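In UniProt numbering, the protein residues as written are 1 to 605.
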């Protein structure tokens, strides 16, 4: 067989390469931004060549080859191949677009963004930045671009030329596209930073980043590799950051996820994986630049935030897999009148996971009106929690049909959904400028809109005029809250516009009956069948608890969980239920106590 050798540099990066279990010694710079790819795999290959064959290559073999359609690449003991990543963008080109704000932007990045998204080794990067040695122009440009959000001209600098944000974004995006064909860790780091910008948080970018991450072996378990502990932590943080962005991108854009459990071997994050993510305490104390959080406080908060966000995202992934894939939707559609029962049986364990997640949330991540600056970004994780809850209840509400669903079950499901909606709206109402000006994940823009869309779903499917008007009033209050808050968070414009557009779509819906008319023709008080009770694993004789908005599930810190109790406490007896066993309100649901708008006007600014 004739061997065809061709320089690997002349070939595009193959997406068909797979990773084998032959790790070798690898090393990256302390700043985690080496210009050559640091790989876990040792060897990558096409499926047409067995891993065993590569063990017979001589130790001094340095050529990259193409045998038929198979491609082989050998990485050195230091983790780099013999190819060189030639960047077409220099550090000077990046600096010229932000001069003289470069150091300030870097401080803004490490103060506001890095603690909650620690994908860079701060100490190593600062050292390299000071010496101007070993820094990726792509990564530096992405960090500058992220830091622009918090750049506010200070006294004495108003006359300076502002950074060219448009030019910087174009330069970084062009450099990233060129780097993706030959990815390194800096490529993934920069791409993840760009993906936190809502306008760049696209399925195409995430598909490219996931492919690059797999090329670098970020999906593998590196715990047994012969590398330093800090490098294992860096790779794990990068891997889980990629995982989170992929899953939330799937939610935001209604596109399939690219990461599946069957091809994901990354271990759970531990406190040890966050070592060296910040400067040493001595270095932080000696810095005379912009006032930052203490090294210990920033490190602790960032570690808790990142780990809890990963746990929440894994629950979101299960919800998407259970209810929103093509296979899941087809199965539910084929179940017809049993669809709601099937959904509830699948939803119960997921609701328990959400309940446990919230009950175990560390105190440092609570949303408190008197919180310090370090707790400002905690609003993002709470919003993500409410979005995850809504994704679960939206599927339940959609499955309810007046023609097939049990009216009593419908009442319970809609009451639970209403509780989630009100909790989410009250959370948004309690946000303060310290929260709104902090770091928000890219999906936050859509999550705020998701709350409004869920309210419109409940309004549209409301069985009576009174209930429909209730949701209409709450949505007006929510829109007002967003319009007030947008002064500190411009990205809320998207939620406001989305709410307005969706409202127009349902403006011409048919008129609903009044409550009394609806009651005269409904079987609201007919008990559910015993088979349903058994499927829901409910306890007999348990009276449905009256829900009240006055007993809001939100504590003084704005945190509490409204679990799956509504479904667990369905009555198990077969006797008829009297009217007194249900909420005594005109609409058959809970009546609001105080207007959210009046509460909103008292918000401290």
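All C-beta atoms in this analysis are idealised placements derived from N, C-alpha and C, irrespective of residue type, glycine included.
Just so you know, these numbers come straight off a predicted model, no measurement behind them.
- Hey, could you find the ends of the alpha helix (DSSP H) residue 324 is sitting in? Run containing residue 324: none; DSSP gives neither H nor E here.
- Task: Look up residue 222 in the DSSP assignment and say whether it is helix, strand or coil.
- Result: coil
- When the distance is taken between beta carbons, is residue 218 closer than 8 Å to residue 192? Contact: no.
- Message: For residue 94 and residue 137, which I take to be in contact (beta-carbon distance under 8 Å), what is that distance rounded to the nearest angstrom?
- Response: The C-beta separation of residue 94 from residue 137 comes to about 5 Å, placing the pair in contact by the 8 Å criterion.
- Task: Compute the beta-carbon to beta-carbon distance between residue 275 and residue 302, rounded to the nearest angstrom, for a pair I have assumed lies under 8 Å.
- Result: That pair is no contact at about 12 Å.
- Task: Kindly list the residues whose CB is nearer than 6 Å to the CB of residue 445, restricted to its own chain and excluding five residues on each side of it in sequence; keep chain order.
- Result: The beta carbon of residue 445 lies closer than 6 Å to those of 198, 491 and 494 in the same chain, with the five residues before and after it left out.
- Query: Taking the alpha-carbon positions, what's the residue 208 to residue 214 distance?
  - Reply: The C-alpha of residue 214 is placed about 10 Å away from the C-alpha of residue 208.
- Compute the Euclidean distance between the alpha carbons of residue 519 and residue 505, then round it to the nearest angstrom. 28 Å
- Message: Please report the straight-line C-alpha distance between residue 457 and residue 313, rounded to a whole angstrom.
- Response: 24 Å
- Message: Please identify the residue among 424, 357 and 271 whose C-alpha is closest to the C-alpha of residue 379.
- Response: Ranking 424, 357 and 271 by Cα distance to residue 379 puts 424 first.
- Item | Close Cβ partners of residue 30 (< 6 Å) along its chain, the five nearest in sequence each way excluded | Confidence in residue 30 is poor, its pLDDT being 44 and thus under 50, which makes the residue's placement unreliable; the coordinate value appears in the next sentence. These residues qualify, in order along the chain: 121 and 124.
- Reducing DSSP to helix, strand and coil, say where residue 213 ends up. helix
- Tell me whether residue 169 is buried or exposed, calling it buried when 16 or more other Cβ atoms sit within 10 Å of its Cβ. Residue 169 counts as buried, since at least 16 other C-beta atoms from the protein chains shown sit within 10 angstroms of its C-beta.
- Taking residue 489 as the reference, give the member of 258, 321, 392 and 432 with the closest Cα. 432
- Query: Going straight from the alpha carbon of residue 428 to that of residue 481, what length do you get?
  - Reply: 8 Å
- What is the DSSP secondary structure of residue 115, counted as helix, strand or coil? helix
- Message: For residue 499 and residue 477, what's the separation of their Cα atoms in angstroms?
- Response: Here the alpha carbon of residue 499 sits roughly 12 Å from the alpha carbon of residue 477.
- In angstroms with no decimal places, state the Cα-to-Cα distance between residue 357 and residue 366. 13 Å
- Under 8 Å by Cβ, that's how I've got residue 118 and residue 277 pegged, so tell me the actual separation to the nearest angstrom. Contact between residue 118 and residue 277 is confirmed by a C-beta separation of about 4 Å, below the 8 Å threshold.
- Query: Between the Cα of residue 516 and the Cα atoms of 104, 470, 451 and 463, which residue gives the shortest distance?
  - Reply: 463
- Task: Measure how close the beta-carbons of residue 396 and residue 344 come, nearest whole angstrom, since I'm counting them as under 8 Å.
- Result: 7 Å
- Message: Just verifying my parser: in three-state terms, what is the DSSP assignment at residue 98?
- Response: Here residue 98 sits in helix by DSSP.
- Alpha carbon to alpha carbon, how far is residue 316 from residue 387? For residue 316 and residue 387, the distance between alpha carbons rounds to 9 Å.
- Is residue 147 closer than 8 Å to residue 91 when the C-beta atoms are compared? Going by C-beta atoms, residue 91 is not nearer than 8 Å to residue 147.
- Message: In this structure, how does DSSP classify residue 376 when only helix, strand and coil are distinguished?
- Response: coil
- Distance between residue 349 and residue 537 (C-alpha atoms, nearest Å): For residue 537, the predicted structure reports a pLDDT of 39, less than 50, and the residue's modelled location is therefore unreliable. A value from the coordinates is still provided. The straight-line gap from Cα to Cα measures roughly 12 Å.
- May I ask you to report which of helix, strand or coil DSSP gives residue 259? coil
- Taking the C-alpha atoms as reference points, what is the distance between residue 438 and residue 109? 11 Å
- Cut-off 8 Å between Cβ atoms - residues of its own chain near residue 269, not counting five sequence neighbours on either side: 236, 237, 240, 306, 307 and 310
- Message: Applying the 10 Å Cβ sphere with the 16-neighbour rule, what's the burial state of residue 39?
- Response: In this prediction, residue 39 has a pLDDT of 40, which is less than 50 and means its spatial position is unreliable; nothing more can be read from the coordinates.
- Query: Quick check: the region 218 to 227 against the region 403 to 417, are there 3 or more CB pairs under 8 Å?
  - Reply: The region 218 to 227 vs the region 403 to 417: no contact.
- Query: Is the CB-CB distance between residue 194 and residue 171 below 8 Å?
  - Reply: no
- How many Å lie between residue 183 and residue 502 at the Cα? 41 Å
- Query: Hey, out of 230, 134 and 443, whose CA is closest to residue 186's CA?
  - Reply: 134
- Item | Boundaries (first-last residue) of the alpha helix (DSSP H) holding residue 236 | 229 to 253
- Task: May I ask which residues mark the beginning and end of the alpha helix (DSSP H) holding residue 175?
- Result: 165 to 179
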